[in-house]
Structure formats: C-alpha cells, structure tokens
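Quick note: the sequence shown uses numbering that gives the first Met the number 0, first residue 0, plus one each step.
Ideal Cβ positions, reconstructed from N, Cα and C, are used throughout, including at glycine.
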Amino acid sequence: MTHSTRTSPPDPSLRRSLALFRAFLREQRDPETCYSLLARDAADQVEAVCGGVAGKIVVDVGGGSGYFTREFRRRGAHGFLFEPDARELGARPAAPAVVADGYLLPLAEGAADVTFSSNVLEHVDDPQTFLSELVRVTRPGGIVYLSFTNWLSPWGGHEWAPWHYLGADRARARYQRRTGRPPKHTLGENLFAHHIGPTLRQVRARDDITVVSARSRYWPFLAATVAKVPGVREFATWNLLLILRRCSP
C-alpha cells in the first residue's frame, strides 16, 4: 500500500472532535474505548505526515499503559514503549514496555524514525531537557510528535479542572471534598504550568529541529490559526500539538 506524505495533518473535523469528546467523558469508566480511539487518531496524524509507519521504528515516551504503542504495532511499526512510572503500566499493559526516564532514554542517538509523546510534557518539570532527549533519539529527517495540555486550557488542571482557574490549592481541596479521595496531580510535583507562547518560542529558537505543524490537537476548526493568536491561544487551544522534524547535522 502506498502512502502519501503531507507537510502537516489535515484539519480536524467536527465529527472527529465530538467523537473524541464523548470518549473523554467516558474515560474513567471505559479507558479502553477512550484511549484506543485516541491512539487511532494520533496514529492517523503521524501517518499523514510521515507517509505510513509500517516498518518504521516508533518510540513512545510516557505512553502509560501502551495504547499508542499497540496501535503503531498494529499498523506494522516496530513500536517501543518507555514509561517512567511502573504504576502507569498497570498489571497488563497493552504493549511490552521498558521503565525508563524520559530525560535519559536507553537508546542510541538517531534510533527512531518517529518519537512520540502524547500528553506528557505537562507532567515534566524541565520541558527543554525532555524535548532535547526526544530529538536526540530521533534520526535526522525523522519526526517528533509532541502534544500537551497547557495550564490555561480548560482542562489544564486535569481531574480538578476547570477549578484550577481559581488556584491549584483551592481546586485540589474542592476535588477531595467532592470525591472523598485525594487528587492524582499536585502542581509543582507531577503537574506543571506550561504555556503555549513560551513553548513555541523555545521550540522555534532551536537549530536542530524545524516545526512542521503547531496546532490545536482537538479543535475542529482553524486548528493552526487558533495556536497563532497570543493570549487567546492559551485558553482556546486546549491541547497543543507540535510535529517537529529533526534537522540533518
């Protein structure tokens, strides 16, 4: 089967966005359906840029239980999952995994055709070092797929969103009162307030990558445009998707 290569993913559709939104609403009670759909969607985005993943080495950094790696393997890729937290893998991860720190991956330079990281950056204290490691393990000409939920997104506080707009401590306390259990995330420990503007400036200042696409990952209309508007993008983008290409030496 022949795949065509695009410079960026096609604009999302309203039907796609609604399907993902409905899946997110069922995440807690049906994670298999939610993350399997998200994995198929992300793999479609990767294939739209790199012309298919069959036969390629795809490294999934921080992929949790392995839904993304499983989907890449289903499409014929040599998929490898690296996850720093063994608890996230669960008792039966969807794909074989290596417990490894995303700051220091046990891979040679240029080992991957595609390095993939979905919704991990907001859990990383030092995003520039993390990105440098993703770039290091990607071959020249290869693709880095990086998405994250920025702090001022309506979902920026994760399980205690949107109350993070009133302050993290207040939002966490409200979550515990409402559910009777402590929240999973704590600002400054395993969740960090990263913003779109500074992230884009830092990425574009690098000389080892080019930006193929910078856009809202889920937004159904004007996905690239909304990420260009200062101020508005911090609230309206929801989740920033960066597709980067490693430059040749």
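query = Is it true that the region 67-84 meets the region 149-159, where meeting means three or more beta-carbon pairs spaced less than 8 Å apart?
reply = no
request  = Go through its chain and collect everything with a Cβ distance to histidine 194's Cβ below 7 Å, but skip five positions before and after it.
outcome  = Asn149, Trp150, Leu151, Glu233
task = Kindly indicate the opening and closing residues of the alpha helix (DSSP H) around glycine 196.
result = 195-203
task = Would you list the residues sitting across from valine 48 in a DSSP beta bridge?
result = Valine 48 is not bridged to any residue.
request  = Identify the continuous alpha helix (DSSP H) that holds tyrosine 66 and give its terminal residues.
outcome  = 66-73
ask   = For aspartate 124, which of helix, strand or coil comes out of DSSP?
value = coil
inquiry  = Taking the straight line between their C-alpha atoms, what separation do you get for proline 181 and asparagine 189?
reply    = 14 Å
request  = Using a threshold of 7 Å, state whether the C-beta atoms of glutamate 70 and alanine 42 are closer than that.
outcome  = yes
key: Pair within 7 Å by beta-carbon distance, glycine 89 and serine 64   = yes
Simplified DSSP state of alanine 213, which is helix, strand or coil = strand
task = With a threshold of 16 other CB atoms inside 10 Å of the CB of proline 92, please say whether the residue is buried or exposed.
result = buried
message = Rounding to the nearest angstrom, what Cα-Cα distance links alanine 85 and valine 97 in this structure?
response = 9 Å
query = Secondary structure at tyrosine 144, three-state DSSP: helix, strand or coil?
reply = strand
key: Closer than 7 Å to chain C by CB, valine 231   = The structure shown contains no chain C, having only a single protein chain.
message = Would the region 213-223 count as touching the region 120-134 if we require 3 or more Cβ pairs under 8 Å?
response = no
message = Quick check on DSSP: helix, strand or coil for threonine 137?
response = strand
task = Check the DSSP bridge columns for glycine 187 and list the partner residues they point to.
result = The partner list for glycine 187 (beta bridge, DSSP) is empty, contrary to what the question assumes.
inquiry  = Taking 8 Å as the limit between beta carbons, can you name the residues of its chain near lysine 55, skipping five residues before and five after?
reply    = Cys49, Ala76, His77, Asp112, Val113
Under the three-state DSSP convention, the category alanine 160 falls into = coil
task = Could you name the residues that DSSP lists as bridge partners for phenylalanine 115?
result = Asp59, Tyr144
query = How many Å lie between leucine 165 and leucine 186 at the Cα?
reply = 13 Å
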